Structure formats: structure tokens, C-alpha cells
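If you read the sequences in order, they're chains A and B.
So in my numbering, spot 101 of the first sequence is number 101, and the numbers just go up one at a time.
So in my numbering, spot 392 of the second sequence is number 392, and the numbers just go up one at a time.
Glycine is no exception: its CB is placed at the ideal position from the N, C-alpha and C atoms.
Only a predicted model underlies this, so the values are computations on that prediction, with no experimental measurement involved.
I have placed the structure first, in the form of C-alpha cells, so that the comments after it can refer back to it.
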Amino acid sequence: MSAAPIPSARGATQSRAPRLLADIAIARSGDKGNRATLSVIALDPADYPRLERWLTAERVAAAYRGVVHGAVKRHALPHLAALHFVMDAALAGGVTRSLALDAHGKTLSSAVLALPLPGDEFGAP
Amino acid sequence: MSRPFRIGAGAGYSGDRIEPARDLAERGQLDVLVFECLAERTIALAQARRQQDPEAGFDPLLRERLRAVLPACLARGVRIVTNMGAANPLAAGRAALDVARELGLPRLRVAVVTGDDVLPWLAENDRPLIDGDGGAAAATASTASLAGRIVSANAYLGAEALLPALAGAPDLVITGRVADPALFLAPLVHHFGWAADDWLRLGRGIAVGHLLECAAQVSGGYIAEPGRFDVPRLEDVGFPLAEVGADGDAVITKLAGTGGRVDRLTCTAQLLYEIEDPASYLQPDVTADFSRVQLREAGADRVAVSGAAGRARPAELKVSVGVREGFIGEGQISYGGPGARARGELSLALLEHRLRVIGLDRLEHRAELIGVNAMHGAAAWDVAAEPAEVRVRLAASCATRAEAERIGQEVEALYLNGPAAGGGVTQGVREVLAVASCLVPREMVRPAVQWLEWQR
Numbered sequence: 001m002s003a004a005p006i007p008s009a010r011g012a013t014q015s016r017a018p019r020l021l022a023d024i025a026i027a028r029s030g031d032k033g034n035r036a037t038l039s040v041i042a043l044d045p046a047d048y049p050r051l052e053r054w055l056t057a058e059r060v061a062a063a064y065r066g067v068v069h070g071a072v073k074r075h076a077l078p079h080l081a082a083l084h085f086v087m088d089a090a091l092a093g094g095v096t097r098s099l100a101l102d103a104h105g106k107t108l109s110s111a112v113l114a115l116p117l118p119g120d121e122f123g124a125p
Numbered sequence: 001m002s003r004p005f006r007i008g009a010g011a012g013y014s015g016d017r018i019e020p021a022r023d024l025a026e027r028g029q030l031d032v033l034v035f036e037c038l039a040e041r042t043i044a045l046a047q048a049r050r051q052q053d054p055e056a057g058f059d060p061l062l063r064e065r066l067r068a069v070l071p072a073c074l075a076r077g078v079r080i081v082t083n084m085g086a087a088n089p090l091a092a093g094r095a096a097l098d099v100a101r102e103l104g105l106p107r108l109r110v111a112v113v114t115g116d117d118v119l120p121w122l123a124e125n126d127r128p129l130i131d132g133d134g135g136a137a138a139a140t141a142s143t144a145s146l147a148g149r150i151v152s153a154n155a156y157l158g159a160e161a162l163l164p165a166l167a168g169a170p171d172l173v174i175t176g177r178v179a180d181p182a183l184f185l186a187p188l189v190h191h192f193g194w195a196a197d198d199w200l201r202l203g204r205g206i207a208v209g210h211l212l213e214c215a216a217q218v219s220g221g222y223i224a225e226p227g228r229f230d231v232p233r234l235e236d237v238g239f240p241l242a243e244v245g246a247d248g249d250a251v252i253t254k255l256a257g258t259g260g261r262v263d264r265l266t267c268t269a270q271l272l273y274e275i276e277d278p279a280s281y282l283q284p285d286v287t288a289d290f291s292r293v294q295l296r297e298a299g300a301d302r303v304a305v306s307g308a309a310g311r312a313r314p315a316e317l318k319v320s321v322g323v324r325e326g327f328i329g330e331g332q333i334s335y336g337g338p339g340a341r342a343r344g345e346l347s348l349a350l351l352e353h354r355l356r357v358i359g360l361d362r363l364e365h366r367a368e369l370i371g372v373n374a375m376h377g378a379a380a381w382d383v384a385a386e387p388a389e390v391r392v393r394l395a396a397s398c399a400t401r402a403e404a405e406r407i408g409q410e411v412e413a414l415y416l417n418g419p420a421a422g423g424g425v426t427q428g429v430r431e432v433l434a435v436a437s438c439l440v441p442r443e444m445v446r447p448a449v450q451w452l453e454w455q456r
């Protein structure tokens, strides 16, 4: 048997109001040529309507300023409680020629999760 | 009502784990086990290997994978479909027969699907490039502008190309480049007899294929956020399978006793993964529409998928073109303790200066601090805390190997000439095999099936 147990990956429980997008959503990014795709999915579907109001294509473009050099397009998918963004000129030429350590841009999804949530939309109930 | 068709994912990329695939083969009661092992650039790299050795150019793990699953698959009647043929499907087929012989299996009937290689055709025909993000370069460039640098050109075949193989009762179907979801769609079309223009069911089949094609990415891999979204027993994450009905609706699940999770969130993340327009997912067999897909949790680790649709398939097939694009040189060095970041930043400034001195500053390059901004650049999380360690990284696109070697050497020279206490230098050079894309007329691509057989 293995020597040390794998940590159960359980952190502090959230008793306080959410502060970051990471507190209410998960995200996954992928690559398609020089485009990055970014899905943001509400952990609780009840959060989706205000997520859709707040997390606009403009806000995402601002979060990736200096990294994404093209347009950001948003697809809203309310029945999946998900927003899907397609970001042009985001991958330094694409996975096969990029100089980036993460040429796929797979870690990009975590950057949007660092966005602070606005208190008026997402404050304590 | 007939029992659902059970189709599993044995790999989501060429280096994927083998044990979960063996588990699916042995306990999954599957009809088909699919191994998707061919990333965008893999086939270009495989082509380069084949140029060195005519019997190489297929997936390096093919033998190991087949040794793990063939006994169970043959004993239980589980058909295997895989794109592990890469740049040399026929040699892959011969290797599969070798494995069957070594294992003492009673028989193995292999269908090898070829026809994705369109390099000879492309050498005679100029096609506009479509890749990238529609920028000016892509709009003006064509395959002729890449002449002399192209190493491979492979069309994305559809499920249609696999149907003659499946009709011949194979134990194993080996292909080169096939659209990933089509590896899953083909056995569904064959089993249920869906028509080639039954866009609705083909669209649903593509949804199943897309959900499964990255293996554990739908069953609990690549999604854990400790404390926010926990995944039970990630160390034993199971690979997924789908139970598909005759109308194409399906349940995504995994084997009892495996780790991971299958729920609304894991399925949503995978459904949208690397999709540009959810309403218009272009595939060789159909234009799939995921915009109204419903995911309903239907028991523990079970998600019912419905509502996918489809429209007529695109007129042309996409081709991935492997292109030699010079070299990337890279070097890294680490700093730790008080002032680590300041020493890292000083190193970056020194490296920029050195590039000017040696006349390489015009090269496209990246100078960054791992631990600070190497992942997210200008969008990096703005935290005040001083990092305990940083790693300086310099990478540059170079025309020649000698130039690329110089990049790492400049980083290494920071040992004796740079800030205090730098350590752990690594340096390297790799040849860039980039991928461009174009479209070709369907009729220019002529898939064929070759049969290989072993009988004890």
C-alpha cells in the first residue's frame, strides 16, 4: 500500500460571502489554433443569472488584457448554467509555435477565476 | 427496447494511463472501447519518425496498450477502435498482430483505415490556409507559401470512412487522422444503422463522442479545486463510458469502484471544451449543435445527455499540415529566499541586455518569471505576497539550431555573471513542427480499408 494517504483535497468551508469568481464557478480553457476557449460554469445554477449579467465579454477581455490580443466573443448557455468565451489571438501563434511554457493556454482559465466579485451582485444574502 | 450500446474511452491522449482502460475492458461490459491518441501535432511528429524508420510513425504506446486490453477485449467481444495508427496505420496493424502472437491469442482481425494522408495531392494543389484567428497573415497565406517545409498533410476523416471497416467484423480498427468524436460516432452509426444524412442522430452521436474523447476529463480529471470543488479518490480516477440509445441520447457514467465523479459540472466543462461555436461544431459527418444540450443528473455518477442536434455536414474536409518552422531555444534558472523576485527581475534585465550584445534581440522571445507571470503574463493575479522562489525563463524562436543553443547558454552564464545564488539551470533546443490548416474537397480524399489477420 502507498505510504502516505492522498489528501482529501478539502479546504476551508465557505461560511463568508463569496469574494472571487473562483468561489462560485469553475472554469476550463482549451486551444483552437491561435484562439483560446474559456468556459465558466456556475457551481450552483442559482448563481447563473447574475453571473450572466456581470461576466460580460468586455469584462473578460479586460481581465486578459495584454494576453488576449483579439476579440472576445461570449456564448450564453443558461440551460447549462455556463458562459463560453472564444478569445482571438490569445495563444502567441498557437500551441505548435508558441514560446509560452503553457503553449495550450490551459492554465488561462484560472486567471478569470481571480476576478473579485462585485458586492452588490454577489454579497451576503 | 434494445439494450443501450456501451462505448468507453480508453485514452484521451497518446500518453494517457493504461490501467483505467484495462479496467474498462475487463469490467465495462462494453461493445466498443475507443483509444483517442492523436493530438493536432502528434501526426506531424510521427511522420518525422517514419522518415527515419519506415516501420515507425505509429503510437509508441500501441503495443503496451494492446497487451493490457486485448485478452479481455477478445474474450468478451469488445471491439477496439483507435487512431493510434498516426502516420503509419499499416505498420500499427502489423504491430497489433505481433502482440496477438506474443500473447498467444487465438486470433486477431484488424482493419486498417488509410486515406487521410493527402500530402501528394497537396504538393500539386495550392490551398488557402484557414488556421489562426482570421488574422491578416492567415487570410493571405496558402499552402504553396509553405513549400519545402511541409512534413505532413492529413485530412480529418469522418465516421463514414470507418463504416466499411466496421462492416467486416474486425476485432480492432486502426486509423490515422480521424476527427476525434468520429471515432465514437462510427460504431454508433454502424450499430444503429443511422443514415448518412440523419443529421439529428449524427449530431447526438458527436455529442457523445465529444464528451468521451478526452477520457477522464469528463469523469473527474482536470477539474478538482480543493475546498471549492472536490473530487473523490482522484488518484484512482476511472475512465468514462456512455450507454447510448437508438435515438442517440445517452448516459455518461464510469465504473463502480473507480475514483472521480461524473456530474453536471464535469459534463458541462467537457461538452464545451475547445468548441468555438456551441451551435455549430464542424465535423466531417455533420455540423453538430450543442446549444440546446440538456445534462440531467440521473443517479450517482450518471448524467443523461439529450437535446444535441445537427445540420448538414460541411462541404470540405479540414487538413492539418505539419510545417517545419525553425527552432526554439530555452534556458531557466532559479532564485529563492529574501529578494528572490528582485534577483529574478535583475536576471531578466541582464538577459535582455545580453541579447542586444550578441545581436539576437530582434528574435521573437519571451523573458518571464515562473512563479510570478509565466502563465498569465499581464493578466497575472495581483497578489502582494513575495514569492518564496522564482524561476527565470528565457525562450526565443530561432532560425538555426546554433542560435537556439545560444539562448540556453546565456541563461547558464548567469551562474558566474549574474545575481547572487542562482541555481538549477536547465537549457534546451527543440525543432518547431508547427501545424497549419486548410480545407480540401471531399472527393480528393479516398479512404480505404486493408485487412490483417492472425490465426493461431
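Going by beta-carbon coordinates alone, are ASN34 of chain A and ALA111 of chain A separated by less than 8 Å? no
Inter-residue CB distance, GLY115 of chain B and ARG442 of chain B (contact presumed, cutoff 8 Å): About 12 Å; that fails the 8 Å criterion.
Over the uninterrupted alpha helix (DSSP H) stretch that includes SER110 of chain A, give me the two end residues. 109-112
Could you tell me which of B:ALA169, B:ARG65, B:ASN125 and B:ARG50 sits nearest to ASP31 of chain B, measuring between CA atoms? B:ALA169
Chain A partners of ARG393 of chain B, CB-CB under 7 Å? LEU101
Closest by C-alpha distance to ALA86 of chain B, when choosing among B:TYR335, B:ARG177, B:GLY220 and B:ALA395: B:ARG177
Sheet register partners of ASN154 of chain B (DSSP bridge): B:ASP117 and B:SER320
Taking its Cβ as the centre, do 16 or more other Cβ atoms sit within 10 Å of ILE252 of chain B, making it buried, or is it exposed? Buried: at least 16 other Cβ atoms inside 10 Å.
Helix, strand or coil at ALA82 of chain A according to DSSP, with G and I counted as helix: Looking at ALA82 of chain A - three-state DSSP - the assignment turns out to be strand.
For THR37 of chain A: DSSP bridge partner residues: A:GLY30 and A:VAL86
For PHE327 of chain B, name the three-state secondary structure that DSSP assigns. strand
First through last residue of the alpha helix (DSSP H) which encompasses GLU364 of chain B: GLU364 of chain B -> no alpha helix (DSSP H), and no H or E assigned at all.
CB contact check: VAL67 of chain A to chain B, cutoff 8 Å: It does: the Cβ of VAL67 of chain A has a partner Cβ on chain B nearer than 8 Å.
So is TRP199 of chain B buried or exposed if we call it buried at 16+ other beta carbons inside 10 Å? Under this definition TRP199 of chain B is a buried residue.
Status (buried if at least 16 other CB within 10 Å, exposed otherwise) for ALA136 of chain B: Only weak support exists for where ALA136 of chain B lies, its pLDDT of 43 falling under 50; the value from the coordinates is given anyway. That one is exposed.
Between LEU119 of chain B and VAL449 of chain B, what straight-line distance do the alpha-carbon atoms span, to the nearest angstrom? 19 Å
Which bits of chain A does HIS365 of chain B rub up against, with CB to CB less than 9 Å? Within chain A, the residues placing a beta-carbon under 9 Å from that of HIS365 of chain B are LEU99, ordered along the chain.
Express the C-alpha separation of ALA144 of chain B and VAL262 of chain B in angstroms, rounding to a whole number. 46 Å
Applying the 10 Å Cβ sphere with the 16-neighbour rule, what's the burial state of LEU166 of chain B? buried
Start and end residues, alpha helix (DSSP H) containing ASP140 of chain A: Because chain A spans 1 through 125 in this model, residue 140 of chain A falls outside it and cannot be assessed.
Nearest neighbour of ARG430 of chain B, chosen from B:VAL293, B:ALA342, B:GLU36 and B:PHE327 [CA to CA]: B:PHE327
Can you find a C-beta in chain B that's less than 8 Å from the C-beta of ASP44 of chain A? no
Using three-state DSSP, classify GLY205 of chain B as helix, strand or coil. Collapsing the DSSP output to three states places GLY205 of chain B in a helix.
Answer yes if the region 178-186 of chain B comes into contact with the region 151-166 of chain B, meaning at least three C-beta pairs across the two stretches below 8 Å, and no otherwise. yes
Excluding the five sequence neighbours on either side, which residues of its own chain have a C-beta within less than 8 Å of the C-beta of GLU410 of chain B, listed in chain order? Result list for GLU410 of chain B: GLY331, LEU351, ARG354, LEU355, ILE358 and LEU394, in chain order.
Between HIS191 of chain B and PRO60 of chain B, what straight-line distance do the alpha-carbon atoms span, to the nearest angstrom? 30 Å
For chain A, find out if any of its Cβ atoms is closer than 8 Å to the Cβ of GLY135 of chain B; answer yes or no. Reliability of the predicted coordinates at GLY135 of chain B is poor, the pLDDT of 47 falling under 50, and the value obtained from them is presented with this limitation in mind. Yes, because at least one Cβ of chain A sits closer than 8 Å to the Cβ of GLY135 of chain B.
Please tell me whether, using a cut-off of 7 Å, the distance from the CB of GLY248 of chain B to the nearest non-hydrogen atom of the ligand ZN is below it. The ligand ZN is absent from the structure shown, which contains no ligands of any kind.
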